[in-house]
Amino acid sequence: MSDPVGNPVNTPPNNLMPDNARFQLRGWHLALVAALVALFLLFYKGLWGDPSAIPTVLIGTTAPTFVGPDVVNGSTIDLAQYRGKVVLLNFWASWCQECRIEHENLLALYGQFRSNPDFVMMGVNYQDKLDDARHYLEVYGSPFQHVRDFKGTISIDYGVYGVPETFIIDKQGVIRHKQIGPIVGPTYTLLTDKVLPTLLQGAAAPNAS
Amino acid sequence: MTFDLVEVGHVAVILAFMLSLVGIVAPLLGLKSRNGAWIVLGRQAVTLIFLLLAIAMGTLIYSYLARDFSVKYIAATSNSKLPLFYTVAALWGGHEGSLLLWVFILSAFCTTAVWLHWRTQPATIPYLILVESALMFGFLALIIFLSNPFERMIPAAPDGKDLNPLLQDPAMVMHPPMLYMGYVGFSIPFAFAMASLFSGRLGEEWLKVTQRWTIFAWLALTTGILMGGYWAYYELGWGGYWGWDPVENASFMPWLVGTAFLHSAMVQEKRKMFKVWNLFLIIMTFSLSLIGTFLVRSGVLTSVHSFATDPGRGVYILLFLATVMSVAFGTLIARSPKLRSPIQLDSIVSRESVFLFNNLFFLVAMFTVFLGTLYPLIIETLRNDKVTVGPPYYNAVFMPIALGLVFLMGIGPSIAWRKASLENLRKNFLIPLFVGLGFLAVAAIAGIRSPLALGGLAVVGFVASTITFDFGRLTAFWAARQRVNLAAGFLTAFAKNQRRWAGLVTHFGVLILIIGIISSTIYQTEKVVSMQVGDQLQLGPYTLLFKEIRSVTGSNWTAQEGVVEVTRGDRFVTELRPQKRIYDVSMTPTTEAAIHTINMGQLFVTMPEVTPAGATIRALINPLVLWVWGGGAIMGIGVLLNLFRPKRDGT
């Protein structure tokens, strides 16, 4: 054998089929091409969705208002009173394991932003027994307010699939961000580094008062 | 420091990118003009690319060690408190660095292949350089224009954001390079296959030449997947090693088709059949490696491996993927008339047909995983709805196929080529069949009711005895021929027929693995209990006493550590210390499992949450879970024996 620098190598006719075999379109050719095209189209379409955010029609729309009792002391909480502030709504339940995973992070996040007068953080207690919810808050600590969604209407208005889910409402009262699942790792830093600072810097709406 | 070494790396990558164009053009000109000098130029180009990328990797690692946080990527994936060991591995802790590692391995393999096969495969070398350079071109363009790990920022970050704590783990240091070596390793047989298609030299040569490359890639991929499983097992705190996560699936699909290819290639070697099939399989294997990269790197699917979503990058990778797949499959279609094998299947009861079934089963298995992985995407596209596909789907659909494959594994190596006689079947399979049924009966009497476990044990019994028979026959044959005793015969069989011997060892490893999987998934015991200090928990025969909870500090984390004393009756077994860690910089909590091994099974304890009064303790018994890793290790030994067998003509 010679190397590529030397003379062209004589190739013995390796295939046993005659060289004049003509091309014929076969079923598997078409199937293969169709499968590839379908696959590429699917991937292409898939690129434009954010897989972890449920494509909610709510983002960009005005946050549904609600009035409900405070979990701990029963006083009335009205979302409308926080218009003009950035509100982080966190849907949770005492029976939800993932909520406990994110709880420490929620506390840390609250600690980071609590000094900002434009920031409000609120828990929405979802499909829960009042005693369990209170016990949960006693055990895990809760420096911010929690509204009790005892009829489930708030969750329905916000299209909550399951807990935990977190919504961020800007100063104009528009839902700007939605997070499904616990706020840990990169989702946590996304909120603390990008979403919240941006919205907190934003101007309040003229009709905020 | 006035002179930044990292810029040298940046320039090196840009030069490598330009050289990849030389690597594409030179062999084309060489083929056209029939002038060997162009091919030599191509060789120099790929060699230089390798050296340049080595420099790029080196400077980036140096900058990591120097904690140069003016490099965006370094600031994003490391921190001044990050231990040295992980500081180097942080290079592949994110998107940009992973891609650099990918293309670096590609260039290393390409250069090795070009020099290794230079004299023996002169007609193939130009195409090899062409195909590999085109792949490098694609990836280097992606690195330079869309995900550049050398990008700087001014002013420099005061400190880095730290490596994701979940990745700060020894298994994670080796898992991505192993996977990539597997993915990229398949690019060599792929390039040889494309060379064969382009040049029209459509014989068996490409298979013979690349056999070891295929085995090597397969070994690396298998090791990578198992390491990933081991990482998931103790670091993610699932207590399970496989969650059918999209990214796990992305590595599993090329493995399935690659395994099919590995087997199917033998049929073409021995019987010159399955020509189109083998080309299809290797193109598919490599395409799935690219699809895996696409799925992981584009953010099309959600997974525990949370990578950034970036449509621009995704569009590019998709375009690249589409180009590679269209060219590869297109050429295959264009060449298919010349690829029809003149040899027909003689009988449905033959080794050829078992191999055919093996291929079909592997492809169907791949397709079920593929469908499960992409189903959420399909539904989202068609109905704008969200669904997830979880383990129940895979357990129901994939597991029976897997058992079918294991069953074929028992038949394939022993059944005759061409047409198996009834005598052949009886001699080889009658006793194993009874052994399998015996396993089934014993298992049923022992009270096992799960159909999957029953079927699994029966199949394992069957295959174990065919493997034993096979070894027995080999041993007896060589003992008689060399007139030595059976022990010497066993060793002679190894020396004389290493490929078969090694293959059987690998198959044996698969059986061990299967038993480990069945036992540790179906017979897992799990309890999740909220405990206070002083509380006890009964888990199977073990008593877990929650003794205390205390704070401990590591180099870049603090943790709450539970101390759990395990006793069995009056006997002290061990003390387990699960942790709930908070990493200083990113403030992300992780759960560190505490594991104790008993009789090849493991007691696995995590502490998912800490309360003022105590903690939630999750305790599991995973019986025989070590068989999963042990089986994997035996498979690895088998494959290594296969890889390093002496070269002989023919096989």
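Residue numbers (our numbering), protein chains in the order written: chain Y, 1 to 209; chain G, 1 to 651. Ideal Cβ placement from N, Cα and C applies to all residues, glycine included.
- Neighbours of Glu104 (chain Y) across chain G, judged by C-beta separation under 7 Å: Pro589.
- Within chain G, the residues placing a beta-carbon under 8 Å from that of Gln24 (chain Y) are Pro337, ordered along the chain.
- Taking C-beta separations shorter than 6 Å and ignoring five residues to either side along the sequence, Pro170 (chain G) has no partners in its chain.
- Here DSSP, grouped into helix, strand and coil, assigns Asn395 (chain G) to helix.
- Taking 9 Å as the cut-off between beta carbons, the residues of the region 136-167 of chain G near chain Y are Lys161, Asn164, Pro165, Leu166, in sequence order.
- Taking a beta-carbon distance threshold of 8 Å, Phe329 (chain G) counts as an interface residue toward chain Y.
- Residue state for Pro197 (chain Y) is assigned as helix, using DSSP reduced to three classes.
- Annotation for Met366 (chain G): no beta strand (DSSP E) segment contains it, though the alpha helix (DSSP H) segment containing it runs 351-383.
- For Thr381 (chain G), the nearest beta carbon of chain Y is closer than 8 Å to its own beta carbon.
- Using a Cβ-Cβ distance cut-off of 8 Å, the region 7-15 of chain G and the region 112-120 of chain G are not in contact, since fewer than three pairs of beta carbons, one from each stretch, lie closer than that value.
- When the five nearest sequence neighbours on each side are left out, the beta carbons in the same chain lying within less than 8 Å of the beta carbon of Ala365 (chain G) are those of Leu256, Phe398, Ile401, Ala402, Leu405, in order along the chain.
- When C-alpha distances from Thr574 (chain G) are compared across G:Phe439, G:Ala594, G:Asn428, the shortest belongs to G:Ala594.
- Bridge partners of Asp78 (chain Y) according to DSSP: Y:Val67.
- Not a single C-beta of chain G is nearer than 8 Å to the C-beta of His135 (chain Y).
- In this structure, DSSP gives Gln145 (chain Y) an extended state, which the three-state scheme calls strand.
- Using a Cβ-Cβ distance cut-off of 8 Å, the region 78-94 of chain G and the region 540-559 of chain G are in contact, since at least three pairs of beta carbons, one from each stretch, lie closer than that value.
- Not flagged as an interface residue toward chain Y: Phe362 (chain G), since no C-beta distance is shorter than 8 Å.
- Of G:Val247, G:Arg271, G:Trp242, G:Leu142, the smallest CA-CA separation from Gly203 (chain G) is found for G:Arg271.
- With respect to chain Y, the C-beta atom of Thr611 (chain G) has a partner C-beta closer than 8 Å.
- For Ala108 (chain Y), a Cβ of chain G is located within less than 8 Å of the residue's own Cβ.
- Using beta-carbon distances, Ile215 (chain G) does not count as an interface residue toward chain Y, since no partner is under 8 Å.
- Gly562 (chain G) is not a Cβ neighbour of Pro541 (chain G), given a cutoff of 8 Å.
- Across the set Y:Gln127, Y:Val184, Y:Val37, Y:Ala35, the C-alpha of Y:Val184 shows the shortest separation from the C-alpha of Leu166 (chain G).
- Close CB contacts of Asn116 (chain Y) within its chain, under the 7 Å cut and outside five residues either way in sequence, are with Leu200 (chain order).
- Put simply, of G:Leu504, G:Thr475, G:Ile445 the residue whose alpha carbon is nearest the alpha carbon of Val463 (chain G) is G:Leu504.
- For Val25 (chain G), the enclosing alpha helix (DSSP H) begins and ends at 5-33.
- Using a CB distance cut-off of 8 Å, Phe274 (chain G) does not count as an interface residue toward chain Y.
- Exclusion of the five residues before and after Ala76 (chain G) leaves Gly94, Gly160, Lys161 as the residues of its chain whose Cβ lies within less than 8 Å of its Cβ.
- Taking 8 Å as the cut-off, the Cβ atoms of Asp70 (chain Y) and Ala93 (chain Y) do not count as close.
- At a cut-off of 8 Å, the C-beta of Ser326 (chain G) has a neighbouring C-beta in chain Y.
- Flagged as an interface residue toward chain G: Val139 (chain Y), by a C-beta distance shorter than 8 Å.
- Three or more beta-carbon pairs separated by less than 8 Å are not found between the region 438-445 of chain G and the region 505-519 of chain G, which leaves the two stretches without contact.
- Within the region 216-249 of chain G, no residue places its CB atom closer than 7 Å to a CB of chain Y.
- When DSSP states are grouped into helix, strand and coil, Asn249 (chain G) belongs to the helix group.
- Among the residues facing chain G, Thr166 (chain Y) is not included, as its CB has no counterpart in that chain under 8 Å away.
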